[in-house]
Every structure is written in C-alpha cells, then in structure tokens.
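Asks: Note that this note's numbering numbers the sequence shown so that position 15 is 16, with each residue one more than the last.
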Amino acid sequence: GSETYDIVGLDANLKPQQDLTLKITRKDGTVENIAVACRIDTPIEIDYYQHGGILPYVLRQLVAKA
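1. What are the boundary residues of the beta strand (DSSP E) that includes Ala38?
2. Could you please give the first and the last residue of the uninterrupted beta strand (DSSP E) stretch that includes Leu15?
3. Counting Cβ pairs, one atom from each stretch, are 3 or more of them under 8 Å apart for the segment 11-24 and the segment 42-52?
4. Tell me the residue span of the alpha helix (DSSP H) that contains Asp48.
5. I need the straight-line Cα distance from Asp7 to Leu60, nearest angstrom please.
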C-alpha cells in the first residue's frame, strides 16, 4: 500500500492502556481515523518504550549508578 500511518497520542503523557488514534492517510489525500487501544500495560513498560527498549533502559540505569 501507499498509505501512511500515524499513531496520535504517543507522547510524554502516555499512560498504560490509553486510548490512541491511528491516522491513516491515503495516497489521494483522504484521511481515516481509527480508535485503537495502547497495549503498553504497565508503568515500567512505559519507561522501556520511552527509553527505546529494555536494553537501553537497563544501560541508562547502570550508567546512572556508576
């Protein structure tokens, strides 16, 4: 497909199981918004996501303690 997809609501205020919007923009310019559920279920998963994954999160924790 030639669509582009944007997830609206993935920002610094993200909460576990938050409702988000999937914005689909088609090649002809039409836009469709679909309600979706965020499957980040716990506060620690939010931390992992915001750090780019579990490994970067753990490495930052280790560096902070050094």
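We treat Cβ as the ideally placed atom computed from N, Cα and C, and that holds for glycine.
Replies: According to the structure data:
1. Here residue 38 refers to the residue found at position 37 of the sequence shown. Taken as a continuous stretch (DSSP letters only), the beta strand (DSSP E) holding Ala38 covers Val32 to Ala38.
2. Translated into the one-based positions of the sequence shown, residue 15 becomes position 14. First-last for Leu15: undefined, no H or E at that position.
3. yes
4. Position 47 of the sequence shown, counted from the start, is the residue given in the question as residue 48. Where Asp48 is concerned, the enclosing alpha helix (DSSP H) stretches over Pro44 to Gln51.
5. For the purposes of this step, residue 7 is taken as the residue at position 6 of the sequence shown. For the purposes of this step, residue 60 is taken as the residue at position 59 of the sequence shown. Cα-Cα distance, rounded: 29 Å.
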